[in-house]
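Enquirer: Quick one: the structure is below, and I'll ask about it shortly.
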Amino acid sequence: MAVAMTRKQKLQKIMDSFELFAKNFIFIVNTQNEIVPMKLNKAQEEITGLMEDHRYIICNKARRAGISTLMLAKAIYEACIQPNSQILIVSYEGDSAKALFNTLKFMNDNLPRDKNPGLFPDTKRDNKNELLLTNGSRVVSTVAGYKDIGRGMSISWAHLSEFSFYSNQEEQLLSIEQALIDKGRISIETTSNGIGNYYYTLYQRSKRGNSKYKNYFVPWFHPFYKESKKGEYDEAEQWYKAKYGKRLAKKDLEGEELRLYNEGADLRQLMWRDFKLQDVPLESFFQEYPSNDMESFISSNKSVFDQNKVLERINYVIPHIPFNELQDVPESLRKYIGKELKIFHEYNSKIKYFYAGVDVAHGSGNGDASTCTIIDEEGVEVASFGTNKLPVYKFTDVLYDLLMWYGQPFTAIERNNVGVVVLEKMKDEKQYYNLYKEKLFTQKGSRRSQLGFLSNQNNKPVLLEKFKENFELGRILINDVETLEQMQIYQNINNKLGNKQGENLHDDKVISAALANLAKDQNKWYV
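At position 413 of the sequence shown the residue is numbered 413 (my numbering), and the sequence of numbers has no breaks.
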């Protein structure tokens, strides 16, 4: 027979668990303006678990996801149970900082100290920027904007709210990281703010496993919204029935609605989406209520490619084929499979023609990558390769083996800079002759051939426009997510094409895909 727990044991159990602490001791004002105990929703539970396993997290969210509330409650919890904690909460502007800190102080003021004497530290100092407890723990609120933010503190945990709206994001984050104590932690939560900022770069790194930050995304149809937006959903359902004469049913779903339903949105949420889209352009909806992280970064009308079409393709790409399911992989390519080299369809001898585009970089380990895109005669991307770690001579070897594996595609190589080295090696050393050539006039009026595509300010827009047309009209099917992500941020600013915004934003795969499209359009074959 189980022995009943004493009151002291029950309290200790609560104090040992943040979730129980929040449920029993933290009070919040809900969407109905009622003061209620804080019960963690599903997203808050997931983020709490993430924070237990990772010192650095970065959360991309839809509006009103409850993450800020979670972090404030966690700040109160840690300040209470860990003496001498120094917790920093950073906001992007003064009004936001004031609102967040008022919420935190509301939580602190409503801790049931009278009912539980000695369980919580008392408040020693409480002003507009600081909460100091008698156990030495301190929570400080500040506004982003200073390069030396966090100076003078020994930070045990810093939470950065709406980080994508900070100025000097990289410098401020570095300043905070330098102020952390041993095993100190940083959490970042924000809605997205376009692509021209450090947050975009940091999030993309974390998404690919190239950062110490662990990424988390909250879509607009996350299950916890069913409760927090119940009133809005009720209103939207009534509107929907009045407009269409019935409630939305599963059999009515098609296209984007069917995709969202399959990803977790329920029928009430889809009716709410329809309700919202009556007055909000689709791109604005993506920014405020993204269904995936790439939707959240839609930013401007300067994009070369139709962002809605790019995003739709991202949502439906097929996974690349894992190594153990591939046949007859050349020995030299095996170590790249699933990493630098993504295979979407294996070589099929029944397909007569394949086409490739190649963009070449120095391979220094930093900056631009050398890339290759291969498509079949129907325009379907079958393989994508990209790396910035191979010097030109090694990239040439890998490229040759990849092209031979796919039956010697007709290949367009950009000859700018070190591209000419690859062209010469392919022709002279590898005897690979199925290469794109340009027909040029000499000053004497005769014509000559030149291997490769020499990109300049006149023909590059034409190259990209033809690729854009074929992609948007469905003549080219891109399967590589990284290529699509580069297409999403590929811009035309003052007639300059490229992903110029922000460090580590590249366009290599856009160029190789456009060159593959060029090769296909030539209708040439030299072997």
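Heads up, the beta-carbon is just placed ideally off N, CA and C, and yes, glycines get one too.
Quick check on this structure: which residue in Arg415, Glu340, Leu333 has the alpha carbon closest to the alpha carbon of Trp405?
Expert: Here residue 405 corresponds to residue number 405 of the sequence shown, with the count starting at 1. When only C-alpha atoms are compared, the closest one is Leu333.
Enquirer: Once you ignore the five residues that flank Glu227 on each side, which residues in its own chain have a CB closer than 8 Å to its CB?
Expert: For this step, residue 227 is matched to residue 227 along the sequence shown. So the qualifying residues of the chain are Asn41.
Enquirer: In angstroms, rounded to a whole number, what distance separates the CA positions of Glu34 and Thr6?
Expert: Here the question's residue 34 lines up with position 34 in the sequence shown. Here the question's residue 6 lines up with position 6 in the sequence shown. So the alpha carbons of these two residues sit roughly 32 Å apart.
Enquirer: Short of 6 Å in beta carbon distance, which residues of its chain neighbour Tyr56, apart from the five on each side in sequence? Order them along the chain.
Expert: If you number the sequence shown from 1, residue 56 lands on position 56. The beta carbon of Tyr56 sits closer than 6 Å to those of Ile186, Lys212, Tyr213, all from its chain and outside the five residues before and after it, given in chain order.
Enquirer: Which residues does DSSP pair with His159 in a beta bridge?
Expert: Counting from one through the sequence shown, the residue named residue 159 turns up at place 159. Looking at the DSSP assignment, His159 forms a beta bridge with Ile89, Ser187.
Enquirer: Helix, strand or coil for Leu131 per DSSP?
Expert: Counting from 1 along the sequence shown, the entry for residue 131 is found at position 131. It is a strand residue.
Enquirer: Tell me Lys342's beta-bridge partners as DSSP assigns them.
Expert: Stepping through the sequence shown from its first residue, residue 342 is reached at position 342. Bridge partners of Lys342: Ser384.
Enquirer: So, for Lys183: in the same chain, excluding its five sequence neighbours on each side, which residues have a beta-carbon less than 8 Å away from its beta-carbon?
Expert: Here the question's residue 183 lines up with position 183 in the sequence shown. Cβ neighbours of Lys183 beyond the five flanking positions: Arg55.
Enquirer: Which residue comes first and which comes last in the alpha helix (DSSP H) that contains Pro461?
Expert: Taking the sequence shown and counting its residues from 1, one reaches residue 461 at position 461. From DSSP, the alpha helix (DSSP H) with Pro461 extends over 459–472.
Enquirer: In the DSSP output, what is Gln431 paired with across the bridge?
Expert: Taking the sequence shown and counting its residues from 1, one reaches residue 431 at position 431. Per DSSP, none; premise fails for Gln431.
Enquirer: Closest by CA to Asn366, which one among Thr191, Leu390, Gln44?
Expert: For the purposes of this step, residue 366 is taken as the residue at position 366 of the sequence shown. Checked all of Thr191, Leu390, Gln44; the closest Cα to Asn366 is Leu390.
Enquirer: Return the first residue and the last residue of the alpha helix (DSSP H) that Gln44 is part of.
Expert: Your numbering for residue 44 matches position 44 in the sequence shown. Unbroken alpha helix (DSSP H) run through Gln44: 42–53.
Enquirer: First and last residue of the beta strand (DSSP E) that includes Arg573?
Expert: Residue numbering for the chain in the displayed model covers 1 to 527; residue 573 lies beyond these limits and cannot be assessed.
Enquirer: Report all residues from its chain with a CB closer than 8 Å to the CB of Ile67; omit the five preceding and five following residues, and keep chain order.
Expert: Locating residue 67 in the sequence shown gives position 67, where the first residue counts as 1. Only Ala43, Gln44, Ile47, Cys59, Lys61, Glu189, Val218 meet the Cβ criterion.
Enquirer: Going by C-alpha distance, which of Glu130, Met294, Asp109, Ile81 is nearest Lys98?
Expert: In the sequence shown, counting from the first residue as 1, residue 98 sits at position 98. It is Glu130 whose Cα lies nearest to the Cα of Lys98.
Enquirer: Rounded to whole angstroms, what's the CA-CA distance from Asp401 to Ser167? Just pull it up for me.
Expert: Numbered from its first residue, the sequence shown carries residue 401 at position 401. Numbered from its first residue, the sequence shown carries residue 167 at position 167. Roughly 46 Å between the two C-alpha positions.
Enquirer: Using a Cβ-Cβ cutoff of less than 8 Å, which residues in the same chain neighbour Gln32 once the five nearest sequence positions on both sides are dropped?
Expert: Looking up residue 32 in the sequence shown gives position 32. Contacts found: Gly231.
Enquirer: Hey, Leu435 and Met426 are a contact pair by Cβ (cut 8 Å); roughly how many whole angstroms apart?
Expert: For the purposes of this step, residue 435 is taken as residue 435 along the sequence shown, with counting starting at 1. For the purposes of this step, residue 426 is taken as residue 426 along the sequence shown, with counting starting at 1. Yes, Leu435 and Met426 are in contact; Cβ-Cβ is about 7 Å, under 8 Å.
Enquirer: Looking only at its chain, what residues have a beta carbon closer than 7 Å to the beta carbon of Val304, apart from the 5 residues adjacent to it on each side?
Expert: Within the sequence shown, numbered from 1, the residue matching residue 304 stands at position 304. Taken in chain order, the residues that qualify are Leu464, Lys468, Tyr490, Gln491, Asn492, Leu497.
Enquirer: What span of residues does the beta strand (DSSP E) with Asp602 cover, start to end?
Expert: Any answer about residue 602 is impossible in this case: the structure gives the chain only from 1 up to 527.
Enquirer: I'd like to know whether the C-beta of Pro83 is nearer than 9 Å to at least one C-beta of chain B.
Expert: The chain inventory of the structure shown lacks chain B, comprising one protein chain alone.
Enquirer: Using a Cβ-Cβ cutoff of less than 6 Å, which residues in the same chain neighbour Met154 once the five nearest sequence positions on both sides are dropped?
Expert: For the purposes of this step, residue 154 is taken as residue 154 along the sequence shown, with counting starting at 1. The question names Met, but residue 154 is Ser in the sequence shown. So the list reads Gln86, Ile181, once near-sequence residues are dropped.
Enquirer: Can you tell me which of Leu260, Asn127, Glu288 puts its alpha carbon nearest to the alpha carbon of Thr191?
Expert: For this step, residue 191 is matched to residue 191 along the sequence shown. Out of Leu260, Asn127, Glu288, Glu288 has the C-alpha closest to the C-alpha of Thr191.
Enquirer: Note the first and the last residue of the continuous alpha helix (DSSP H) segment covering Glu438.
Expert: In the sequence shown, counting from the first residue as 1, residue 438 sits at position 438. Element bounds for Glu438: not the alpha helix (DSSP H) but the beta strand (DSSP E), 437–441.
Enquirer: If Ile26 sits next to Val36, beta carbons under 8 Å apart, how far is it from one beta carbon to the other, in whole angstroms?
Expert: By one-based count along the sequence shown, residue 26 stands at place 26. By one-based count along the sequence shown, residue 36 stands at place 36. Ile26 to Val36, Cβ: 10 Å. No contact.
Enquirer: Where in the segment 5–43 do unbroken runs of the beta strand (DSSP E), each at least 3 residues long, occur, reported from the N-terminal end onward?
Expert: If you keep only unbroken beta strand (DSSP E) runs of at least 3 residues inside the segment 5–43, you get 27–29, 35–37.
Enquirer: Measuring alpha carbon to alpha carbon, tell me which residue in Thr371, Ser137, Arg208 is nearest Ala356.
Expert: Walking along the sequence shown from the start, residue 356 turns up at place 356. Minimum Cα distance to Ala356 is reached at Thr371.
Enquirer: Can you pull the DSSP bridge partners for Phe410?
Expert: On the sequence shown, position 410 is the one that residue 410 refers to. Paired residues: Tyr355.
Enquirer: Which residues does DSSP pair with Arg273 in a beta bridge?
Expert: Position 273 of the sequence shown, counted from the first residue, corresponds to residue 273. Looking at the DSSP assignment, Arg273 forms no beta bridge with any residue, so it has no partner.
Enquirer: What's the gap between the Cα of Asn523 and the Cα of Lys394?
Expert: The residue you call residue 523 lines up with position 523 of the sequence shown. The residue you call residue 394 lines up with position 394 of the sequence shown. In this structure, the straight-line span from the alpha carbon of Asn523 to that of Lys394 is close to 29 Å.
Enquirer: Over what stretch of residues does the alpha helix (DSSP H) that includes Phe217 continue unbroken?
Expert: The count along the sequence shown starts at 1 and reaches residue 217 at position 217. Counting along the chain, Phe217 falls outside any alpha helix (DSSP H), though it belongs to the beta strand (DSSP E) covering 214–218.
Enquirer: Quick check: the Cα distance between Gln9 and Gly118, rounded to an integer number of angstroms?
Expert: For the purposes of this step, residue 9 is identified with residue 9 of the sequence shown, where counting begins at 1. For the purposes of this step, residue 118 is identified with residue 118 of the sequence shown, where counting begins at 1. Cα atoms of Gln9 and Gly118: separation of roughly 15 Å, rounded to the nearest angstrom.
Enquirer: For the beta strand (DSSP E) that Gln287 lies in, which residues bound it at each end?
Expert: Locating residue 287 in the sequence shown gives position 287, counting from the first residue. Looking at the DSSP string, Gln287 is not in any beta strand (DSSP E); the run it does join, the alpha helix (DSSP H), is 282–288.
Enquirer: With a cut-off of 8 Å on the beta carbons, I'd call Ala516 and Ile374 a contact; round off their distance for me.
Expert: Taking the sequence shown and counting its residues from 1, the one referred to as residue 516 is at position 516. Taking the sequence shown and counting its residues from 1, the one referred to as residue 374 is at position 374. Confirmed, about 7 Å.
Enquirer: Please go through the same chain and pick out, in chain order, the residues whose beta-carbon is closer than 7 Å to the beta-carbon of Arg475, but skip the five residues on each side of it.
Expert: For this step, residue 475 is matched to residue 475 along the sequence shown. Answer for Arg475: Gly379, listed in chain order.
Enquirer: Apply the 10 Å Cβ neighbour rule to Arg125 and answer buried if 16 or more other Cβ atoms are within range, or exposed otherwise.
Expert: Counted from its first residue, the sequence shown places residue 125 at position 125. That one is exposed.
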